[in-house]
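Have a look at the structure below, then the notes.
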Amino acid sequence: MLESVEKLKAAFEEALAKVSDSEELEKLRIAYLGKKGAVADFMKELKNMDNESKKEFGKEVNILKDAIDASIRSFGEKLDQARLDAQIRNAKKFDFTIPSDQPEGSLHPITIVQRRIEDIFKSMGFIIEDGLEIQTEYNNFEAVNIPKNHPARDMQDTYYLSNGQLLKTHTSAAQNYIMRKYGAPKKGEPPLKVLFPGRCFRNENIDACHENTFWQMEGMMIGEDISISNLIYFMKVLLSEVFERDIKVRLRPGFFPFVEPGFELDINCLICGGEGCPTCKNSGWLELLPCGMIHPNVLRMGGIDPDKYTGFAFGLGLTRLAMMKFGITDIRVLNSGNLKALKQFVD
Ligand SMILES: [Zn+2]
């Protein structure tokens, strides 16, 4: 009996040596380990044996079965590896320098508007700064004159992190850092002019005009004798350049803790032309720009003497501006990742 086990093992090894692909290997596996295979045939013979032989023979057959199984597996792995190697060897070489025949991608509408505004302000001598998205409570609130217990710090609106930091709720979070980085202009130097775009986060219910992730762009100008006239001039230049046409605006007093006095600059809704639509909540106007003269406290916290220097700041809803410029009626499109929808907006 044991002789026949040895014979079967030899026959298997001979057959395995002739296998050249996984299909043949599978056939071999079925022939030896299948329900009606050679090993199963041996098992059947166990029934006719006495206990002593059954034990000895059974053990040998099991060893053989495991050996065949292991050989088939390792041979299968070798075949897989060889196939992969061949694929790599035969793969078409990819030349990155050949122009693609695939359609080109397009810039996101926010990026288009952001770059456009950056260009406008750079031409007027502004520096572009980048603010962190994760901020300290101090930078996001205290440093821009929003003390504890102020409604703007409502937990509902802010995403706090477990370490006490937060996702910035407005680009103003970079004001303190920028003031400290550049400082007030020295005698004879031009005013400090900085533009800082960024992604902001608030815990909002998402609908056609609200998003929890949105873009703002903030600007500051600090120097001696900077006044509201300077602010109005820059806002006018900005809007006419962005929209490439005359835009109706209105300026209303607005309260923002970081400016004094503060204004709210609204533009005539470009979607409905002022008739009223869901985007402008049927008012015909859209709040576009909170702006004003930088609060003395904010200058002081930024290390700038408010008795010597003044400055203006404005925050621009970049998301809203992109919607106006491209006639996007649903804010959700912007973060949707829907290429088909986003690709229609080109400059
Ligand atoms: Zn409207």
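Mapping of the sequence shown onto this note's numbering: residues 6 to 352, in sequence order.
Quick reminder that beta carbons are idealized off the backbone N, C-alpha and C, glycines included.
Bear in mind that the values here come from a model prediction, so they are computed numbers and not experimental data.
In this structure, Gly169 lies away from Ala318, with their beta-carbon atoms at least 8 angstroms apart. Scanning its chain for C-beta atoms nearer than 6 angstroms, with the 5 sequence neighbours on each side dropped, one finds around Gly297 the residues Val264, Pro266, Gly267, Phe268, in chain order. Selection Met48, Ile115, Lys32, Glu29 evaluated against Ser9 yields Met48 as nearest (Cα-Cα).
Apart from sequence neighbours up to five positions away, the residues of its chain that approach Gln140 with a beta-carbon distance below 7 angstroms are Gln170, Leu171, Lys173, Ala178, ordered along the chain. Put simply, the stretch 277-294 does not touch the stretch 181-194. Fewer than three CB pairs are less than 8 angstroms apart. Cys214 has its Cβ no nearer than 7 angstroms to any heavy atom of ligand 1.
With a cut-off of 7 angstroms, the C-beta of Ile132 is classified as distant from ligand 1, since no heavy atom of the ligand falls inside that distance.
Cβ neighbours of Met329 within its own chain (closer than 6 angstroms, five residues either side excluded): Leu275. By the Cβ-count criterion, Pro295 is buried, with 16 or more other Cβ atoms from all chains shown falling within 10 Å of its own Cβ.
Val254 is not a Cβ neighbour of Leu236, given a cutoff of 8 angstroms.
A straight-line Cα-Cα distance of about 14 angstroms links Ile151 and Arg305. Taking a contact as a CB-CB distance under 8 angstroms, the pair Ile299 and Ile183 does not count as one, their CB atoms being some 11 angstroms apart. Exclusion of the five residues before and after Cys285 leaves Cys274, Leu291 as the residues of its chain whose Cβ lies within less than 6 angstroms of its Cβ. Bridge pairing for Leu294: Leu270 [DSSP]. Scanning Arg325, Pro301, Lys348, Gly307 for the CA closest to the CA of Thr315 turns up Pro301. In this structure, DSSP gives Gln349 a state outside helix and strand, which the three-state scheme calls coil.
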